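Comments concern the structure below.
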Amino acid sequence: MVALSTKPAIEQFPYIETCCTTSALFTSTSNSIPLIDLSNPDSKNLLVKACEEFGFFKVINHGVPLESISRLESEAIRFFSLPFSEKEKSGPPSPFGYGNKCIGRNGDVGWVEYLLLNTNQDSNSSLGNNPDQFRFALSEYISAVKRMACEILELMADGLKIQPRNVLSKLLMDEQSDSVFRLNHYPPRPDRISNLIGFGEHTDPQIISVLRSNNTSGLQISLREGSWISVPPDEDSFFINVGDSLQVLTNGRFKSVKHRVLANSLKSRVSMIYFGGPPLSERIAPLPSLMKNPEQSLYKEFTWFEYKRSAYNSRLAENRLMHFERI
Ligand code: GA4
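Mapping of the sequence shown onto this note's numbering: residues 36 to 362, in sequence order.
Okay, here's the thing in structure tokens:
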């Protein structure tokens, strides 16, 4: 049994409003979430379409070995099952480490506990009682998922007909790539509470996010017109999000997807997410091959460092790109 610490009190947690369009909130539209088979020769075009329409899709035939997925999931479950006093030794997240209920540093809370890790540096923080085994599982999984993310970014470049095909993937391959890894545990919701928010609505600031979860539901994505759709869980597949930086790199052609997690289940949800980011000094601007002239850029000039600093100073639900749009 995994216990969360006692504060903040349950009354302080955000809920979703169910007064108006409950059916729209919970309509199961599994058919409409794009499914991309990476072994399909047409996947490059399907990827582009999915990124333009949803900023989100599900991937099969991804090449990530199932053993590395289940090895890391077991390590994550082992870690989250430790007594709170043990897990606390890996926190607080500043920004890396163990966090419980508090997300970021600006007052956001959710029914979640998590571990945030830097993918490029060996963290000094303690990682439970078998840290070497945990670190091995992490590095094996992150390498495989990063490879898949790069393959997807190269297929996107092919689909967009831009050269060289590693124009996006090189940002993740760079030794200085500022990528992050997150393990989330959403404990079952308390009996008396429904519609509890696990992780509030937001877009991811990075280029691309690769998510895998166990078979517990909770993830929802927002469609352009503002309704939310539930994403049926699938532990054998990966879900890919377009991040804010990819929206800018494609001059708004790809949409970074707003998403959230409801801790609405009686089962625990465990998710693992790789957030592929560029080096801090990288200039984030529309790729020249996607514009006729620089005047067409929808965004002001900025580096990833500047965007990240602004993101970390914001609340989760804020529209962070707004401050970087050209008027
Ligand atoms: C969202 C994507 C990643 O989970 C994350 C999050 C980060 C955090 O948990 O510390 C942020 C959030 C995320 C965006 C706005 C800021 C920063 C919480 C928050 C309120 C690790 C990231 O890079 O940005």
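Ideal Cβ placement from N, Cα and C applies to all residues, glycine included. Since this is a predicted model, take the numbers as computed values, not measurements.
Collapsed DSSP secondary structure at residue i in the structure displayed
i: I104; result: helix
i: S303; result: coil
i: H237; result: strand
i: I71; result: strand
i: K205; result: helix
i: F171; result: helix
i: L81; result: helix
i: Q331; result: helix
i: V292; result: coil
i: L356; result: helix
i: L258; result: coil
i: S178; result: helix
i: F48; result: coil
i: S272; result: coil
Span of the alpha helix (DSSP H) around residue i
i: Y342; result: 339-347
i: K122; result: 119-122
i: S280; result: 279-284
Rounded C-alpha distance that separates residue i from residue j
i: E317; j: W339; result: 6 Å
i: L297; j: S116; result: 21 Å
i: L315; j: A184; result: 19 Å
i: Q168; j: L152; result: 16 Å
i: I264; j: S345; result: 29 Å
i: S212; j: S291; result: 20 Å
i: M357; j: N164; result: 43 Å
i: F337; j: R350; result: 20 Å
i: P313; j: N286; result: 17 Å
Extent of the continuous beta strand (DSSP E) to which residue i belongs
i: D143; result: 143-153
i: F216; result: 215-221
i: K196; result: Unbroken run through K196: none, as it is neither H nor E.
i: V94; result: 91-95
i: Y133; result: 132-138
i: R247; result: 243-248
Whole-number beta carbon distance between residue j and residue i, since they are thought to touch under 8 Å
i: S78; j: I68; result: That belief does not hold up - the Cβ atoms of S78 and I68 are roughly 15 Å apart, past 8 Å.
i: I243; j: I275; result: 6 Å
i: L129; j: L150; result: It is worth fixing the name first, because residue 129 is Ser in this sequence and not Leu. About 13 Å; that fails the 8 Å criterion.
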